[in-house]
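A.B. asks: The sequence shown begins at 8 in the numbering used here and counts up one residue at a time.
Here a beta-carbon is modelled for each residue, glycine too, at the ideal position from N, C-alpha and C.
Let me begin by handing over the structure; questions about it come next.
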Amino acid sequence: MRHLMIFFIFAGLSLTFAAKGSNIELRIRLYDAPEKITVSVKEGLYSLVAADPSGNFIDTIWDIHEDDPVRIFYIRRVGTKVEINMKGLGTHTFQEIWLVPHPQNPDPSFIIQGTGRDRWYQDKLHFFVIDNDGKKELTTVNQVAIEKYVAGVVESEGGRFNQLEYFKAQAVLARTFAIKNLRKHIRHRYNLRDDVSSQVYHSRAYLQNATEIKFAALATKDTILVDEDGDILLGLFHANSGGQTANAGDVWSRDISYLRSKPDPFSVGQTSYSWTKKIPKADVMKFVTSQIGSSYNPGDLHKALINFQQENRKSHFEFQNKKIKLTQFRTRFGLRSTFFIIQEEGDFYVFKGRGFGHGVGLSQDGAINMSASGYSYKEILYFYFDKTQLENIFDVLDNNESLRKMVIENAHWLDHGNPSRTASP
8 MRHLMIFFIF AGLSLTFAAK GSNIELRIRL YDAPEKITVS VKEGLYSLVA ADPSGNFIDT
68 IWDIHEDDPV RIFYIRRVGT KVEINMKGLG THTFQEIWLV PHPQNPDPSF IIQGTGRDRW
128 YQDKLHFFVI DNDGKKELTT VNQVAIEKYV AGVVESEGGR FNQLEYFKAQ AVLARTFAIK
188 NLRKHIRHRY NLRDDVSSQV YHSRAYLQNA TEIKFAALAT KDTILVDEDG DILLGLFHAN
248 SGGQTANAGD VWSRDISYLR SKPDPFSVGQ TSYSWTKKIP KADVMKFVTS QIGSSYNPGD
308 LHKALINFQQ ENRKSHFEFQ NKKIKLTQFR TRFGLRSTFF IIQEEGDFYV FKGRGFGHGV
368 GLSQDGAINM SASGYSYKEI LYFYFDKTQL ENIFDVLDNN ESLRKMVIEN AHWLDHGNPS
428 RTASP
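Right, here's the structure in full:
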């Protein structure tokens, strides 16, 4: 195998809290246990490196440059190991495989295909197999600098509308969520996933508004949102509030001081403001009786349904001292929101609603409208998150021992088996 001389150094987050601006890296799981992965180097010089589960260097498998005639390789799981196939290299199996850029590269990147369309990512890629409740899964992790990740999330979650202050607000929330949830998936050796269970991260920022999005991420670098006690908040957002945000406690299990329902005129009439869905009466009645029991007069229940109104947001549908959470209606029938009224049309109940998403926190449509109307990203965030403030992450760490410990542990965990290197041809 041809290879460069490789040295392992700790290149994750090394935190000196007095020195601001340290680079935080995150590990993001891409895809959900694909059968195979195809990767091609797009920019820069990379090395394929074999390692054991403890992060110990085994060998350099191959070096790949963007100008090489062969720069595509294929990955799949074989038992508990990772198999790589590449023209000129052949087929080999290792415990773990890394794709790592050489440090002199200004902007290393690669194209990856798992399921769906091709994706374009930066920095490092790590392949290994995990045991997920007895099921062996090929796991693909992008280890990436946090600001590159933030820009990718902003584009993936809402990058179609070119409003700079909105992009800045979304960048702060993406960064806040990432720091808040650093250890969410620590047992499987990554921080976050690439889907809605964490934050959507389906590529680096590269589409039509990428320049503005990357500027927004860097303009708010290291900035997060904290509550009045200095704790990192849940940076929740949704597409459209329907003109009134929702209480966190009405959607999930607990109330949160900065996530309380409030009027939101900025979302009214915007892109995702209104919706309609027709559902067979029999399906609705079957669902309702499955929740409250069937010992009720169907006519009375029908009247209660078609008389259900929401001038302001409600949390439950109520009938004869029985309650059903509106989130259950939304889940069962795939409704855009819980902010709806019910009418009848022949054999159907017609759900007419406002808003799109859970309704808690920032409304993306509202934030876009605020940005277009001249509001700053700070004003946008303070409108949707009451009694909060923007802080530098390292200032927060200086004053929060438990959070500081968590971030230090994450940095050490990243360093353990993080192959970055100094190379000589």
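1) Give me the Cα-Cα distance between T283 and E351, rounded to the nearest whole angstrom.
2) Please classify Q215: is it buried, with 16 or more other beta-carbons within 10 angstroms of its beta-carbon, or exposed?
3) Distance, Cα to Cα, K187 vs N304?
4) Who are the near neighbours of D262 in its chain, counting only those whose CB is closer than 7 angstroms to its CB and skipping five residues on each side?
5) Which of the three DSSP states, helix, strand or coil, is assigned to T283?
6) Once you ignore the five residues that flank D234 on each side, which residues in its own chain have a CB closer than 6 angstroms to its CB?
7) Near S163, what residues of its chain come up, given a Cβ to Cβ distance below 6 angstroms and the 5 sequence neighbours on each side ignored?
8) One question on the structure: do P115 and D138 come within less than 8 angstroms of each other, judged by their Cβ atoms?
9) DSSP beta-bridge partners for Y81?
10) Among G123, D140, L308 and A289, whose alpha-carbon lies nearest the alpha-carbon of N328?
11) Quickly, what does DSSP pair D402 with across the bridge? List them, please.
12) Looking only at C-alpha atoms, which of N169, N198 and R194 sits nearest to R182?
13) Secondary structure at R194, three-state DSSP: helix, strand or coil?
14) Runs of 3 residues minimum, wholly inside the region 196-238: which ones carry the beta strand (DSSP E) assignment?
15) Where does A152 fall in DSSP's three states?
16) Beta-carbon within less than 6 angstroms of F135's beta-carbon, same chain only, minus the 5 sequence neighbours each way: which residues are those?
17) Beta-carbon separation of V258 and G341 under 8 angstroms?
18) From which residue to which residue does the beta strand (DSSP E) around H99 run?
19) Can you check DSSP and say which residues form a bridge with T146?
20) Is DSSP giving G306 helix, strand or coil here?
21) Among residues of its own chain, excluding the 5 on either side of A158, which ones have a beta-carbon nearer than 6 angstroms to its beta-carbon?
22) Could you say if the region 82-90 and the region 30-47 meet the contact criterion of at least three C-beta pairs nearer than 8 angstroms?
23) Between V46 and L132, is the Cβ-Cβ spacing less than 8 angstroms?
24) Judging by CA-CA distance, which residue of S260, D236, T230 and Q277 is the nearest neighbour of S248?
25) Whose CA, out of Q111, A217, P113 and Y128, lies closest to the CA of I119?
26) For T230, which residues in the same chain have their Cβ closer than 6 angstroms to its Cβ, ignoring the five residues on either side in sequence?
C.D. replies: Let me lay it out:
1) Walking along the sequence shown from the start, residue 283 turns up at place 276. Walking along the sequence shown from the start, residue 351 turns up at place 344. Cα to Cα, T283 sits roughly 12 angstroms from E351.
2) Residue mapping note: residue 215 aligns to position 208 of the sequence shown, counting from 1. Exposed is the call here.
3) Within the sequence shown, the letter at position 180 stands for residue 187. Within the sequence shown, the letter at position 297 stands for residue 304. Answer to the nearest angstrom: the Cα atoms are 49 angstroms apart.
4) Counting from 1 along the sequence shown, the entry for residue 262 is found at position 255. By the criterion of a C-beta distance shorter than 7 angstroms, D262 is surrounded in its chain by N254, A255 and G256, once the five residues flanking it on both sides are discounted.
5) Taking the sequence shown and counting its residues from 1, one reaches residue 283 at position 276. Strand.
6) Position 227 of the sequence shown, counted from the first residue, corresponds to residue 234. Excluding positions up to five away in sequence, the list reads L240, Y265 and T395.
7) Numbered from its first residue, the sequence shown carries residue 163 at position 156. Answer for S163: V207, Y208 and H209, listed in chain order.
8) The sequence position of residue 115 within the sequence shown is 108, counting from 1. The sequence position of residue 138 within the sequence shown is 131, counting from 1. Result no, Cβ atoms of P115 and D138 do not sit closer than 8 angstroms.
9) On the sequence shown, residue 81 is found 74 positions in, with the first residue counted as 1. T45 and N92.
10) Looking up residue 328 in the sequence shown gives position 321. Ranked by Cα distance from N328, the first of G123, D140, L308 and A289 is L308.
11) Residue numbering aside, residue 402 sits at position 395 when the sequence shown is read from its first letter. None; D402 has no bridge partner.
12) As a first step, residue 182 must be located in the sequence shown, where it is residue number 175. The candidate whose alpha carbon is nearest that of R182 is N198.
13) By one-based count along the sequence shown, residue 194 stands at place 187. Of the three classes helix, strand and coil, the one that applies to R194 here is helix, per DSSP.
14) 230-234
15) The count along the sequence shown starts at 1 and reaches residue 152 at position 145. Three-state DSSP puts A152 in a strand.
16) Numbered from 1 along the sequence shown, position 128 holds the residue referred to as residue 135. Closer than 6 angstroms at the Cβ level, and outside the excluded window around F135, lie E103 and T146.
17) Within the sequence shown, the letter at position 251 stands for residue 258. Within the sequence shown, the letter at position 334 stands for residue 341. Going by C-beta atoms, V258 is not nearer than 8 angstroms to G341.
18) The residue labelled residue 99 in the question sits at position 92 within the sequence shown. Per DSSP, the continuous beta strand (DSSP E) segment holding H99 begins and ends at G97 to F101.
19) The count along the sequence shown starts at 1 and reaches residue 146 at position 139. In the DSSP assignment, T146 is bridged to F135.
20) What you label residue 306 is simply residue 299 of the sequence shown in a count that begins at 1. The answer is helix: DSSP assigns G306 an H, G or I state.
21) Along the sequence shown, read from residue 1 onward, the residue named residue 158 stands at position 151. Once the five neighbours on either side are set aside, the close Cβ partners of A158 are A212, I220, K221 and A224.
22) yes
23) Here residue 46 refers to the residue found at position 39 of the sequence shown. Here residue 132 refers to the residue found at position 125 of the sequence shown. L132 sits close to V46, with the two beta carbons spaced by under 8 angstroms.
24) Translated into positions along the sequence shown, residue 248 becomes position 241. Nearest of S260, D236, T230 and Q277 to S248, Cα basis: Q277.
25) Residue mapping note: residue 119 aligns to position 112 of the sequence shown, counting from 1. The option with the nearest alpha carbon to I119 is Y128.
26) Here the question's residue 230 lines up with position 223 in the sequence shown. These residues qualify, in order along the chain: V179 and L397.
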